[in-house]
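Chemist:
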Amino acid sequence: MRRPRRTYLDHAATSPLRPCAAQAMADTPALGNPSAVHGSGRAARAMLEDAREEIAALLGVRPLEIILTSGGTEADALAILGGLAPQGRLWTSGVEHPAVAGLADPRLLGQRVSTVPVDGHGVVDLAGFAGGRGMGDGRGPRPGDVVSLMMVNNETGAVQPVAEMARMAHDAGALAHTDAVQAFGHIDVNPAELGVDLISISAHKIGGPVGIGALWVRRGVNLAPITAGGMQQAQVRSGTQAVMLARGFAAAARQAVENLDRDRAQWQAWHDLIVAEMGRLPGVHVDDAPQTSPSICHLTIDRVRATDLLLVLDSAGIDCSAGSACQAGVARPSSTMLAMGRSVDEAQGGLRISMGHTTTRKDIEQLLDVLPGAIETVRGAR
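Sequential numbering from 1 applies to the sequence shown in the UniProt record's numbering.
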């Protein structure tokens, strides 16, 4: 039986595999281990390095500066845990993805994490990085520390002042890292302009395969390994490298960057349409920051639990999200919304609409046709 067409608006969680990526992987022959010295290994290595060069070129960096990882989460961990001095401190914001925020776990960095506050739009207070305001001892970053600030928030789409953060980090002698998983392929990501030392990206957020990401490491930055093994990449990252996934990643990244200007303009038009239509409804608030990714639109809806709303939308064939997909299945308020000063009720009423390479105007029209009634259905059931 043919599956009914669904309206997929959850690209910030994962984006459907692009045909070009699927084809690149399907065209990858069965070869040897790319670390082997025999002919099959050398052929695999050549394909792997071609993919690495493609990804590096799209970022405007050297291939040797690209470390392929299992995804954005590992890239973040390698950047931060590998970049910290033995007693170094992580400086980050209150709205980071769990891949970064979770490093405050007592089993990991614990008390060696300083969380800098954000404003009501979810934009970081840069003064917190500069002087440690609200950090107890009042000290700011020092040599051996890592300052990490996401480029685009995965829930609200807020664009953070990463370049300014990097300057402050470097003035203090610390390393600067940005999680650009929600930025790459959606807005411009230029390492030279950002001025950071480390950038994390992921394939499946742009229509590449799940299971591969990359960490850009600026030349001259020395990371410590966080796992043991063969140290296949730059004597830092161990594990047999996935040639097929790398080729799929490179193909998706190439198409995403080539189409960025066109796609960004279309997403912005649809974003503005959602804001205009939904902003008219009583009790619906648009959570746009001064700078917001065009592909993410976040709404806070009064007297509605997002988990209930998602079920109603799902029954109508519409896929959206409430907060971070990496926290899905756990009924708790959004930590991002709480950090923005919202109440618990407000933090449970956030709806994320995220667009990508498969989004059409029909998808947006279907959402706008169904969402107002879905909101009233949920409110009426309370």
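The beta-carbon is built from N, C-alpha and C at its ideal position, and this holds for glycine as well.
Taking 8 Å as the threshold (C-beta atoms), are I274 and L368 in contact?
Modeler: Cβ distance < 8 Å, so L368 and I274 count as in contact.
Chemist: Any idea if M231 is buried or exposed, counting beta-carbon neighbours within 10 angstroms, 16 or more meaning buried?
Modeler: Answer is exposed; the Cβ neighbour count stays below 16.
Chemist: Thinking C-beta only, is A347 closer than 8 Å to G94?
Modeler: No. Outside cutoff.
Chemist: Considering only C-alpha positions, which residue in the set M278, R142, P209 is nearest to M244?
Modeler: Selected option, being the one with the closest Cα: P209.
Chemist: Quick check on the burial criterion: 16 or more other C-beta atoms within 10 angstroms. Buried or exposed for N154?
Modeler: So N154 ends up on the buried side.
Chemist: Looking at the structure shown, is L17 part of a helix, part of a strand, or coil, going by DSSP?
Modeler: Coil at L17, not helix or strand.
Chemist: Pick out whichever of A21, V221, V118, D171 has its Cα sitting closest to the Cα of L64.
Modeler: For the residues A21, V221, V118, D171, the minimum Cα distance to L64 belongs to V221.
Chemist: Is the separation between the beta-carbon of L68 and that of A214 shorter than 8 Å?
Modeler: Yes, these two residues count as a Cβ contact at 8 Å.
Chemist: What number of angstroms, rounded off, separates the C-alpha of L198 from the C-alpha of G60?
Modeler: Taking the straight line joining both Cα atoms gives about 14 Å.
Chemist: Taking its Cβ as the centre, do 16 or more other Cβ atoms sit within 10 Å of T360, making it buried, or is it exposed?
Modeler: Exposed: under 16 other Cβ atoms inside 10 Å.
Chemist: Output yes or no for whether 8 Å exceeds the beta carbon distance between L126 and M355.
Modeler: No, these two residues do not count as a Cβ contact at 8 Å.
Chemist: May I ask you to report which of helix, strand or coil DSSP gives Q241?
Modeler: Note: Q241 maps to coil in three-state DSSP.
Chemist: According to DSSP, simplified to helix, strand and coil, what is I353?
Modeler: DSSP places I353 in strand when its eight states are reduced to three.
Chemist: I'd like to know whether the C-beta atoms of D105 and D179 end up nearer to each other than 8 Å.
Modeler: No, the Cβ-Cβ distance between D105 and D179 is not below 8 Å.
Chemist: Please determine, among L310, A26, L371, G82, the residue with the shortest C-alpha to C-alpha distance to V284.
Modeler: The option with the nearest alpha carbon to V284 is L371.
Chemist: List the residues that DSSP assigns as beta-bridge partners of I67.
Modeler: Partner(s): L215.
Chemist: Curious, which full-length beta strand (DSSP E) runs of at least 3 residues does the segment 177-233 contain?
Modeler: List check, beta strand (DSSP E) in window: 198-202, 213-217.
Chemist: Do the segment 97-104 and the segment 167-176 touch if we need at least three Cβ pairs shorter than 8 Å?
Modeler: The answer is no - the segment 167-176 does not touch the segment 97-104, with fewer than three Cβ pairs under 8 Å.
Chemist: Report the start-end ranges of each beta strand (DSSP E) in the segment 145-173 that is 3 residues or longer and not cut off at the edges.
Modeler: Taking only runs of at least 3 residues, the beta strand (DSSP E) segments lying wholly in the segment 145-173 are 146-148.
Chemist: To the nearest angstrom, how far is the alpha carbon of D319 from that of D27?
Modeler: In a straight line, the C-alpha of D319 is about 31 Å away from that of D27.
Chemist: Any idea what DSSP makes of L281, helix, strand or coil?
Modeler: L281 falls in the coil class under three-state DSSP.
Chemist: Would you report the Cα separation of G72 and V189, rounded to the nearest angstrom?
Modeler: Distance between the alpha carbons of G72 and V189: 15 Å.
Chemist: Determine the direct distance from the alpha carbon of E74 to that of M151, and round the result to whole angstroms.
Modeler: Taking the straight line from one Cα to the other gives about 17 Å.
Chemist: Excluding the 5 residues flanking L31 on each side, which residues of the same chain have their C-beta closer than 6 Å to its C-beta?
Modeler: Excluding sequence neighbours, L31 sits near S40, A43, A44.
Chemist: I want to know whether the segment 81-91 touches the segment 112-122 - three or more CB-CB distances under 8 Å.
Modeler: Yes, since at least three Cβ pairs between the segment 81-91 and the segment 112-122 fall closer than 8 Å, the two stretches touch.
Chemist: Please state the DSSP three-state secondary structure of L58.
Modeler: Note: L58 maps to helix in three-state DSSP.
Chemist: What is the C-beta distance between V257 and G185, in whole angstroms, given that I count them as a contact (C-beta under 8 Å)?
Modeler: Indeed, because the Cβ distance is near 7 Å, the residues count as touching under 8 Å.
Chemist: To the nearest angstrom, report how far apart G279 and E365 are at their CA atoms.
Modeler: One C-alpha to the other measures close to 15 Å.
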